[in-house]
Amino acid sequence: MASEVEEDYSQPVLPGKGTSDYERYLRTDELLALQKTPEEMVHRDELLFQTVHQSSELWLKFACFEVETATKHLRDHEPAHAVRLLRRANDAMKIATQLLDMLEHMSPWEYQTIRRVLGHGSGFDSPGFREIRRVSPSLGEAFHLLRRELDLSLVDLYVRGREFEELYQVAESLIEWDERVSVWRFRHYKVVARVIGDEVVGTQGTPVELLSGLIKNKLYPELWQARNELTALAKEED
């Protein structure tokens, strides 16, 4: 019998650009070309600025993808599946928040040079932020539909949480998603305030101070209100 031809692992087998399958699968040629070249930069910190924001958009995209899929699982009465994906989404939001720490390495004065080439670019135009606002209401609706099918108020769900463990875990995952989004928005505001100030006008003509008001918005206010009601109920039982 003819001996088998040994596979040459040094040669890529996937289609695409790049000298290795790693580069071809991850499309690193395209990915690493998305940032300005040194010749195009007005300041070397443009690479830092673009890297943080582009990375953030990827993590936000992933988080929203998981939220949307979790919503489908809730609609299919599969709460355990939804919880698993919501945990991933919440961890992705932690990463997106941590990425913002890198922006504080920029000098407030030197950043002004970068700011001049941003045009009317603003965090309000973030595709990831738009996706968060798109997928979050549907997630809440799917959760409340399941809860109502069991004839449970939010207070009942928490009081009898061990009887409805999976749905309780969904509720906790939702409030964590709400919290993670709020923390991300708050962190973004604090970075902006630290770099350009909190009494100035942003790139789209919006006063930075308005951001501090927006971060108080809640995705699921009823879940937060339930905490107040539980505390009041506990006092009645004392």
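Just so we're on the same page, our numbering is the position in the sequence shown counted from 1, plus 6.
Each residue gets a CB set at the ideal place from its N, CA and C atoms; glycine is no exception.
Predicted, not measured: the structure shown is a model, and the values here were computed from it.
Straight-line CA distance for residue i to residue j?
i: M112; j: W230; result: 36 angstroms
i: R200; j: I181; result: 28 angstroms
i: K100; j: F71; result: 16 angstroms
i: F192; j: R233; result: 22 angstroms
i: E243; j: L163; result: 18 angstroms
i: L32; j: L40; result: 14 angstroms
i: M47; j: F55; result: 11 angstroms
i: L239; j: R90; result: 31 angstroms
i: E185; j: V11; result: 56 angstroms
i: E171; j: V165; result: 11 angstroms
i: P21; j: T43; result: 27 angstroms
i: D157; j: W183; result: 24 angstroms
i: G146; j: E155; result: 14 angstroms
i: Y174; j: R168; result: 8 angstroms
i: F149; j: G219; result: 27 angstroms
i: N223; j: D131; result: 18 angstroms
Whose C-beta lies closer than 7 angstroms to the C-beta of residue i among residues of the same chain, with five residues either side of it excluded?
i: G129; result: F135 and H194
i: E228; result: L160
i: P133; result: E63
Determine the contact status of residue i and residue j, defining contact as a CB-CB distance below 7 angstroms.
i: N120; j: H49; result: Looking at the sequence shown, residue 120 is not Asn but Ile. Yes, they are a contact pair.
i: T77; j: S144; result: yes
i: A69; j: L80; result: no
i: T103; j: V189; result: yes
i: S142; j: L225; result: yes
i: V197; j: L53; result: no
i: L92; j: S179; result: yes
Give the C-beta separation of residue i and residue j to the nearest angstrom, bearing in mind that I take them to be a contact with Cβ-Cβ under 8 angstroms.
i: I202; j: P114; result: 7 angstroms
i: V161; j: L236; result: 6 angstroms
i: E116; j: D51; result: 6 angstroms
Excluding the 5 residues flanking residue i on each side, which residues of the same chain have their C-beta closer than 8 angstroms to its C-beta?
i: H83; result: L152
i: V19; result: D27
i: L105; result: V58, S61, S62 and W65
i: A98; result: W65, L66, F68, A69 and E72
i: R140; result: C70
Skipping 5 residues on each side, what residues in its chain have a beta carbon closer than 6 angstroms to that of residue i?
i: G24; result: R30 and D35
i: A95; result: A69, E72 and V73
Given the structure, does residue i come close to the ligand PLP, in the sense that its CB is under 6 angstroms from one of the ligand's heavy atoms?
i: H194; result: This structure simply doesn't include the ligand PLP, nor any ligand for that matter.
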